[in-house]
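Working notes, structure below.
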Amino acid sequence: MINFFDTLYTFIHIKHNPLSRYFLYPFLRIPTLYFVNLFVPIYFRITANKDEYKLKKSDKASNRIIVSLTSFPPRINKVWLVIESIMRQELKPDKILLWLSKEQFSSLSELPKNLLRLQDRGLEIRFCNENLKAHTKYYYTMQEFPDDIIITVDDDILYNSYITQHLIELSEKYPQTICCCRGWEVKINDRNLAKYNEWKMINDAKSPSIDIFPTGVGGVLYPPHSLHKDVFNIDLLRELCFYADDVWLNVMAHLKGTKYAKTEYSSHYLPIKFKNRTRLRDINVTESANDTQINNLRNYYKKILDKDPYHMLFR
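Using UniProt numbering, the letters of the sequence shown map in sequence onto residues 1 to 315.
What follows is the structure, given as structure tokens:
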């Protein structure tokens, strides 16, 4: 069901398609999202007890596939839908970890039953002391499981059932590369980075490169030890890049010398509807917060390391 509507919703958004522009987009977008958000939860509940939608116990001590995410109070009642879509992947992860801040949730008793039930099928709910906002989705998992493959996902998307397979297959082809399903091509103007909103979306597959900027909404796969050690520097993170985890992780990859690759899969992604849908990624783009935080990090490392994290792009 998800795959069908993921394909339909993406087709509706094809800008160069006149049929999409003048008919499909205005007349089908809202009904499609309404139908998906109404009936997918019902479908998930009806089929939840099937064995094929449970995680299998893994005996592996390393190189496990771990899907990691976080959420916060305005979305906690619906994050179970995201996790259901991950449970139904064709290539299932070994673990699914949901990290919640103790500042926002003091115990399991505060969480919705739809979410708690998923623990019986393999979900692990972890509580952390600090509220690192979107950074929470990768920070603690990477610390605890440094020798495993980490896939980060967002808490407001219904994922196509082949997301993990696309990422793992690309990672097997390029083992030391960070892999993504959604990314932008970094644009250079006069030997400097163009503004973030001038970068172009990458729709096709792309082999390992340093000019790819992944966005977490599509799912991003991080091989073990693919990021610079400063990724765990909380003080620096809070000071320079607290509201843009994608920017922080991208700079950490550049500092480590890790390249990115993009899968052939391309989607507009099915959003879960909320009453108040103010998204951090919207604020980062429309208010140029990404540009500010990119420049914060560039200026810091120019001073500390005497080099721009993006210096390889200017050659």
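We treat Cβ as the ideally placed atom computed from N, Cα and C, and that holds for glycine.
Cα-Cα separation between residue i and residue j, rounded to whole angstroms
i           : j      : result
Trp199      : Ala261 : 16 Å
Val67       : Val79  : 14 Å
Glu110      : Arg45  : 21 Å
residue 323 : Thr215 : Nothing can be reported for residue 323, as the shown portion of the chain is limited to 1 through 315.
Tyr43       : His13  : 25 Å
Leu167      : Leu221 : 6 Å
Val247      : Ile202 : 17 Å
Lys60       : Leu116 : 25 Å
Glu52       : Ser266 : 26 Å
Pro146      : Asp94  : 15 Å
Ser288      : Leu8   : 31 Å
Tyr174      : Thr32  : 36 Å
Asn295      : Thr47  : 48 Å
Glu90       : Asn129 : 34 Å
Val285      : Ser58  : For Val285, the predicted structure reports a pLDDT of 49, less than 50, and the residue's modelled location is therefore unreliable. A value from the coordinates is still provided. Distance between the alpha carbons of Val285 and Ser58: 40 Å.
Lys113      : Thr164 : 26 Å
Lys187      : Ala244 : 19 Å
Ser62       : Lys92  : 16 Å
His179      : Phe27  : The displayed chain sequence assigns Cys, not His, to residue 179. So the two alpha carbons sit approximately 34 Å from each other.
Ser161      : Arg88  : 6 Å
Asp154      : Trp99  : 12 Å
Leu280      : Ile212 : At Leu280 the pLDDT is 47, less than 50, meaning the model places this residue with poor confidence; the figure from the coordinates comes in the next sentence. Cα-Cα distance, rounded: 21 Å.
Leu249      : Tyr34  : 34 Å
Ser107      : Leu69  : 18 Å
Leu270      : Leu118 : 21 Å
His135      : Ser226 : 16 Å
Ile234      : Ile304 : 17 Å
Presumed contact (8 Å Cβ cut-off) between residue i and residue j, rounded CB distance
i      : j      : result
Tyr138 : Ile150 : 6 Å
Glu75  : Asp156 : Rather than Glu, the amino acid found at residue 75 in this sequence is Arg. With 8 Å as the limit, Arg75 and Asp156 qualify as a contact, their Cβ atoms being about 6 Å apart.
Arg126 : Leu97  : 6 Å
Asp306 : Pro224 : At roughly 28 Å, the Cβ-Cβ gap does not stay under 8 Å, so Asp306 and Pro224 are not in contact.
Asn37  : Lys273 : 5 Å
Leu123 : Ile83  : 6 Å
Thr258 : Thr177 : 7 Å
Tyr301 : Leu193 : Their Cβ separation, rounded to whole angstroms, is 14 Å, which puts Tyr301 and Leu193 out of contact at 8 Å.
Contacting residues, own chain, Cβ-Cβ under 8 Å from residue i (five flanking each side not counted)
i      : result
Asp230 : Leu236, Met252, Leu255
Phe232 : Tyr139, Met142, Gln143
Glu264 : His166, Asp204, Ala205
Leu81  : Val40, Pro41, Phe44, Leu158, Ile272
Thr292 : none
Ser171 : Ile149, Thr177, Cys179, Leu221, Pro223
One or two residues paired with residue i in a DSSP bridge
i      : result
Val186 : Val186 pairs with nothing; no bridge assigned.
Leu193 : Ile188
Cys181 : Partner(s): none; Cys181 has no beta bridge.
Ile304 : According to DSSP, Ile304 bridges with nothing at all.
Ala261 : Cys179
Ile202 : Gly183
Pro309 : Looking at the DSSP assignment, Pro309 forms no beta bridge with any residue, so it has no partner.
Leu297 : Answer by DSSP bridge pairing: none, since Leu297 is not bridged.
Leu270 : Leu158
Residues near residue i in its chain [Cβ-Cβ closer than 7 Å; skip 5 each side]
i      : result
Ser85  : Ile2, Leu158, Tyr159
Met312 : Ile210
His228 : Met252, Leu255, Lys256
Glu103 : Asn131
Phe72  : Gln104
Leu240 : Gln293, Asn296, Leu297, Tyr300
Asn276 : Pro74
Sequence-distant residues of its chain with Cβ nearer than 6 Å to residue i (five each side left out)
i      : result
Asn299 : none
Residue i at chain D interface by Cβ criterion, 9 Å
i      : result
Asn276 : Of the protein chains in the structure, only one exists, and it is not chain D.
Notebook entry, point to check: At what residue ranges does the region 204-251 contain a whole run of the alpha helix (DSSP H), taking only runs of 4 or more?
Noted result: 234-240
Check: Taking only runs of the beta strand (DSSP E) that begin and end inside the region 110-173, which ones reach a length of at least 3 residues, in chain order?
Finding: 123-128, 149-152
Margin query: If we require 3 or more residues per run, which beta strand (DSSP E) segments fall completely within the region 22-104?
Written below: 65-70, 95-101
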